[in-house]
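Numbering that gives the first Met the number 0 puts the first residue of the sequence shown at 0, with every later residue one more than the last. C-beta atoms are modelled at their ideal positions from N, C-alpha and C, and glycine is treated no differently. This structure is a prediction, so every number in the text was calculated from the model and none was measured.
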Amino acid sequence: MKSQYDCMIHHQLLKTDIIKGPVLDLKLLGYHERDLTDEIPYYCFQILLANQVIGKITLRIGFSEMTYIHGHVGYGIDEDYRGNNYSYYALEMIKDLARKHGYRKLLLTTDSRNEQSKRTVLKSSGKPIEIDRLVPKDHIYYVLGIERLNVYEISL
């Protein structure tokens, strides 16, 4: 049975080199056929502000049980640019690509201690579905000090 968190199209879509937005642009760094941790393909974009790279955002194409740890979307904003809602704008932009892949819902995860990321996901209509999910001790997140995650669902 297919998961409600899976998509219809599991390959790269055409014309995704640049996604233009009113505040930011997303420039495709690459489309990767498989992630090393769970073999799900993903897009990786640079987040650009006036042609200046200020961060990255990824969209994973597919679903596995590890999606409850990694989420479908991951993002990061360079420290000098934080506090300006740029991660929110990038997340809103990546939703269009997710819809084109046939997603109806996305899972996003945040480190339980990251208040700014929680606010970003909630602002983007994320609904908490699991708070303080334990990260497996053999997962790289745990090794990096992330022991608990919050899991959110965003309906598209």
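Look at residue i and residue j and say whether their C-beta atoms are less than 8 Å apart.
i, j, result
"Thr-66", "Tyr-87", "no"
"Pro-135", "Asn-149", "no"
"Ile-68", "Asp-110", "no"
"Arg-98", "Leu-133", "no"
Please go through the same chain and pick out, in chain order, the residues whose beta-carbon is closer than 6 Å to the beta-carbon of residue i, but skip the five residues on each side of it.
i, result
"Ser-124", "Ile-153"
"Met-7", "Gly-101"
State the CB to CB distance for the pair residue i and residue j, rounded to an integer number of angstroms; the pair is presumed to be in contact (CB under 8 Å).
i, j, result
"Ile-39", "Ile-53", "Incorrect: roughly 26 Å between the Cβ atoms, too far for contact."
"Ile-60", "Leu-23", "With a Cβ gap of about 21 Å, Ile-60 and Leu-23 do not count as contacting."
"Tyr-80", "Leu-48", "7 Å"
"Leu-121", "His-71", "That belief does not hold up - the Cβ atoms of Leu-121 and His-71 are roughly 17 Å apart, past 8 Å."
Excluding sequence positions up to five away, which residues of its chain have a Cβ less than 8 Å from the Cβ of residue i?
i, result
"Leu-96", "Leu-12, Thr-15, Ile-18, Tyr-42 and Leu-58"
"Thr-28", "What sits at residue 28 in the sequence shown is Leu, not Thr. For Leu-28, where only same-chain residues beyond five positions count, the Cβ hits under 8 Å are Cys-43, Phe-44, Gln-45 and Lys-55."
Using CA atoms only, rank isn't needed, just tell me which of the options is closest to residue i.
i, options, result
"Ile-130", "His-138, Asn-113 and Asp-137", "Asn-113"
"Asn-84", "His-71, Ile-93, Ser-116 and His-69", "Ser-116"
"Ser-2", "Leu-107, Leu-25, Gly-20 and Arg-103", "Arg-103"
Between which two residues does the alpha helix (DSSP H) containing residue i stretch?
i, result
"Leu-96", "85 to 99"
Between residue i and the ligand MG, is the CB less than 7 Å from at least one heavy atom?
i, result
"Ile-93", "Absence of the ligand MG is noted for the structure shown, with no ligands found whatsoever."
Can you tell me where the beta strand (DSSP E) with residue i in it begins and where it stops?
i, result
"Glu-129", "126 to 133"
"Val-120", "No beta strand (DSSP E) contains Val-120, which is instead part of the alpha helix (DSSP H) from 114 to 122."
"Tyr-74", "72 to 76"
"Ile-53", "51 to 59"
If you drop the 5 nearest sequence neighbours on each side, which residues of the same chain put their C-beta closer than 7 Å to that of residue i?
i, result
"Asp-5", "Gly-61 and Phe-62"
"Tyr-140", "Ile-68 and Val-134"
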